[in-house]
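Presented below is the structure to which this report refers.
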Amino acid sequence: MSSACFHLPQQTARSSTARPALLFVSPLGSNASSGPGLCWYSEDYKQVYLPVTYSAIFLLGLPLNSAVLWLCWRQAKPWSCATTYLVNLMVADLLYVLTLPFLVAAYCLDDAWPFGELLCRLVRFLFYCNIYSSILLLTCISVHRFLGVCHPLRSLPYRTRRHARLGAAVSWALVVLLLLPTLVFSHTDHVNGQTICYDTTNPEKFDEYFSYSMALMLSGFVLPSVVILVCYSLMLRTLATPEETLERTGSSARAKSMRTILLVCGLFTLCFVPFHLARSFYLAVRFLRSQDCQLLTAASLASKIWRPLVSMSSCLNPILYFLLVNLLAYLCSISSPGRQDRGLLLALHQPQLCSSPAERLHRR
């Protein structure tokens, strides 16, 4: 039976779950099987829950993202702005999904890491890279859609393919810069006779890691989330206003677009908000060196439960592709009323046609 231990008096750090295993040990490698101040609890669930969820995400995410990339590749070039952003989303998802078999194997081996130092750092880096590149690219999409809905004419010079490529490139550059420290903090170590791969870092560097993680959450999640919330709120207000321009598309089209926006916001909230709340709770409890055994157990449990669920975005982003393409068809009908009956099929296969002559002129 697998078990875990919090060493309450000192700083804690993630270790392995060998038979029996110590999840939190201080100092690293010490024998915490006896003595005062220990918080033991079973972690048998982790050896089933994490491999099963990661395997499901891999089996769904790999074909879904590959299929969307293939569809985009088959589209007429050049890609629309929406397709440019969403292809980058699929690439980020695909890179992460390809690392999941290594995590599944490690958890099946009771947290032992047989794949070496380089893959340890790379797997941890790509996990966070997937999260924050998705968030920043979704932010770019929300700004692009906000401009198209709320300022369709004034924003024409900025809603171009060149600006979309620039936005995607800047997003990737920011993510790489923000996540470079994870390549330093994450590493392998020998604990209780086996090699493990730290998800956070070793106990000696945990205070530094906590400060970095809070800064990363603020810049990579909180600020982009505010931008997304503001953009979609203003879009909903505009779509709910029965102005003459919007009346051309009919109330049913507006209602469908509003439902799409609400669904996109709901998916974003489901994937990213609980993970960041649980992770912040977990890191804060460790940083404050809480003496409450139940609190420590709850923090560890919440972190492990929500960690694979944030990876669900790798399966949901391909669905988001089709939802946003549908919204794109609605935007076409605003700027070019004569095309409004062409619907989703036109927007999916020929998105570059969904622009007014003025917009195409600005894109050149």
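Numbered by the numbering used here, the letters in the sequence shown go through residues 12 to 375 in order.
Ideal Cβ placement from N, Cα and C applies to all residues, glycine included.
Remember, predicted model here, so these are calculated numbers, not experimental data.
Of the candidates Ala251, Val160, Tyr139 and Val181, the residue whose Cα lies closest to the Cα of Asp104 is Tyr139. Contact annotation, Ile207 with Met246: C-beta distance approximately 46 Å; criterion of less than 8 Å not satisfied. Take the alpha-carbon of Tyr332 and the one of Cys161: they are about 21 Å apart. For His155, the enclosing alpha helix (DSSP H) has its first and last residue at Gly127 to Cys161.
Nearest C-alpha to Ser224 among Val321, Val237, Lys88 and Ser291: Ser291. Put simply, the backbone Cα of Phe136 is about 10 Å away from that of Val195. For Asp210, no beta strand (DSSP E) segment is defined, and its DSSP state is neither H nor E. With contacts defined as CB atoms closer than 8 Å, Ser144 and Trp183 qualify as a contacting pair. Taking the C-beta atoms as reference points, Arg172 is found no nearer than 8 Å to Leu158.
Between the segment 123-135 and the segment 59-75, the count of Cβ pairs shorter than 8 Å is below three; the stretches do not touch. Look at Trp183 here: in three-state DSSP terms it is helix. Closest in alpha carbon position to Gly178, among Leu189, Leu147, Asn203 and Asp200, is Leu147. Nearest neighbour of Ser222 by Cα position, chosen from Thr193, Arg248, Val63 and Val108, turns out to be Thr193.
In this structure, the alpha-carbon of Cys119 lies about 18 Å from that of Leu312. In the pairwise beta carbon analysis, the segment 148-156 is classified as touching the segment 95-104: at least three pairs are separated by under 8 Å.
For Asp218, the secondary structure class from DSSP, reduced to helix, strand or coil, is helix.
In this structure, the beta-carbon distance from Ala310 to Val296 falls below 8 Å.
Relative to Pro329, the option among Ser66, Tyr96 and Leu299 whose CA is nearest is Tyr96. For Val233, no alpha helix (DSSP H) segment is defined, and its DSSP state is neither H nor E. Straight-line spacing of the CA atoms in Trp84 and Leu75 works out to 14 Å. Look at Trp81 here: in three-state DSSP terms it is helix.
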